[in-house]
Amino acid sequence: MCTMQARIISRNSIGHVMQSIPKRSPLTTADAIEAIDPPYHAPAYKSTVLRSPRETLLPMPAALKSLQAPVYGFGEVRPQDADLTRQHKAEPLGERIIVAGRLMDEDGQPIPNALIEIWQANAAGRYIHKGDQHSAPLDPNFSGTGRMLTDAEGNYRFVSIKPGAYPWRNHANAWRPAHIHFSLFGLGYLSRLVTQMYFPGDPLLPLDPIFNSVPSEEGRRALVSRFDLDLTEPEWALGYRFDIVLRGAGATPMEK
Ligand SMILES: [Fe+2]
């Protein structure tokens with residue numbers, strides 16, 4: 031997505047997620063934004079002389095957490111998008127799980143119709159990504175990606191496979207605890223939160239620098255889902271509950 035499209039989208043509401051946005055919108059909207067935003071270099075505004083770029087900007091690959099648009103595009107969110115075990119010809123290998131929770135604002139009020147996108151490693155601890163060269167096997171029946179919208183009460187639910195731990199070479203014998211990446215949009219694309227959900231009782235949690243970079247114990251606790259027997263379905267899948275708060279003092283820690 032080009033920068034201009036991203037800027038247009040960032041000014042739109044979440045309601046536009048379900049709409050198909052043309053590859054190149056008429057320039058009238060962009061022109062209007064250009065007219066609103068001040069230039070980087072405005073000589074009369076002296077500090078812009080020092081901080082504005084003088085050379086042509088180099089395009090940088092956008093990190094997922096810096097995107098202001100959905101990771102998986104603007105197409106319709108389908109029911110199978112929230113069941114990562116039914117996206118291929120057969121079921122993936124691994125321990126089936128149900129993850130559910132509630133998306134809330136700082137006052138505990140539900141956030142309805144919010145887009146949640148997830149990505150994770152397979153049961154062996156391997157992502158389908160060229161940057162992942164872990165020797166664990168890929169699973170032809172598992173992509174590790176999904177998305178869903180919260181309902182009127184802010185609830186979400188998806189089915190997946192419990193991800194495996196994987197090595198990441200940050201330090202000697204470094205292994206990431208099992209986790210699922212979440213990207214959430216609140217009432218607009220500017221209230222985006224990217225975070226990771228962990229599993230209770232994981233012995234790697236005390237050793238993980240990413241998890242432990244969250245300064246407060248309360249914040250770290252907010253990132254660990256809890257096993258929920260009510261969510262667990264007999265003879266089918268374990269259930270984990272993971273509630274998320276988008277803003278405020280009790281906000282779920284997000285990646286920066
Ligand atoms: Fe990861």
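Taking our numbering as reference, the numbering of the sequence shown is continuous, increasing by one, and the terminal residue is 286. Backbone N, C-alpha and C define an ideal beta-carbon position, used for all residues, glycine too. Because the structure is a prediction, the values reported are computed rather than measured.
- In this structure, DSSP gives Leu237 a helical state, which the three-state scheme calls helix.
- Distance from the CA of His164 to the CA of Pro197, rounded to the nearest whole angstrom, comes to 7 Å.
- Within the same chain, and ignoring the five residues on either side of Asp181 in sequence, the residues whose Cβ sits closer than 7 Å to its Cβ are Pro142.
- Residue side-chain check: Tyr228 keeps its Cβ at 8 Å or more from all non-hydrogen atoms of ligand 1.
- By the Cβ-count criterion, His211 is buried, with 16 or more other Cβ atoms from all chains shown falling within 10 Å of its own Cβ.
- The stretch 229-242 makes no contact with the stretch 260-268: fewer than 3 CB pairs, one atom from each, lie closer than 8 Å.
- Burial is judged here by how many other beta carbons sit within 10 angstroms of a residue's own beta carbon; Gln110 has fewer than 16 and is exposed.
- Between the alpha carbons of Tyr270 and Ile127 lies a gap of roughly 7 Å.
- When the beta-carbon positions are compared, Ile148 and Phe188 come within less than 9 Å of each other.
- Every beta strand (DSSP E) of 3 residues or more that sits fully in the stretch 142-189 is shown, in chain order, as 145-150, 175-179.
- Where Val101 is concerned, there is no enclosing alpha helix (DSSP H), because DSSP gives it neither an H nor an E.
- Taking non-hydrogen atoms of ligand 1 into account, the C-beta of Gln117 is found less than 8 Å away from none of them.
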